[in-house]
Amino acid sequence: MELSINGIDITVPTAILEQLVRERLAGNRVQTFTRDGLPAIGAAFHSGIYAGLTLYDEEPHALLLQPGDFKGDWKTSLDWAEKEDGMLPSRIDALVLFKNLKGEFKEEWYWTNEQPASLSSYAWIQSFDYGDQISTRTYGHYRARAVRRIVI
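Read left to right, the sequence shown gives residues 233 to 384 (the working numbering).
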């Protein structure tokens with residue numbers, strides 16, 4: 233799986249992700265489901281579309297794309313995603329969505345839930361045309377999709 237973290241592109245071998253999953257499942261965590269219980273990418277799953285694995289708080293999660301689409305500024309998009317029982321995707325989530333579910337998006341820019349560390353009036357957006365990520369002013373109007381993450 234290819235990821236971009238803090239501007240650094242990395243490839244995480246599937247075997248490493250599977251090892252992380254096995255280690256987490258062996259711990260004292262509440263298990264929502266197991267790795268073997270994950271559907272094919274693009275399949276309906278837990279009221280969304282399964283997009284694949286993502287990382288959140290340095291732990292593997294199943295990423296689900298929620299139905300619905302919105303267009304607005306960043307703050308309004310954050311609020312909309314929350315009302316949809318989800319959140320805007322992180323930058324890593326957005327890369328997973330671009331790689332695995334590009335066909336579920338218009339070839340436009342979509343908001344993420346992240347802001348550059350030093351620019352509070354900016355937020356990151358993801359292109360579903362060529363895959364670029366850039367930061368832009370939060371008052372701009374771009375598309376938004378909500379996601380949910382499930383700990384595995």
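Glycine included, C-beta positions come from ideal geometry on N, C-alpha and C.
When DSSP states are grouped into helix, strand and coil, K338 belongs to the coil group. For the set K315, F277, A326 and R380, the Cα lying nearest the Cα of G363 is the one of A326. Assignment of R323 by DSSP, reduced to helix, strand and coil, places it in the helix class.
Taken through DSSP and simplified to helix, strand or coil, A313 comes out as helix.
Assigned with DSSP and collapsed to three states, G318 falls in coil, not helix or strand. Around the Cβ of R381, a 10 Å sphere holds 16 or more other Cβ atoms; the residue is buried.
A straight-line Cα-Cα distance of about 26 Å links P292 and W306. R375 has its alpha-carbon roughly 10 Å from the corresponding atom of T344.
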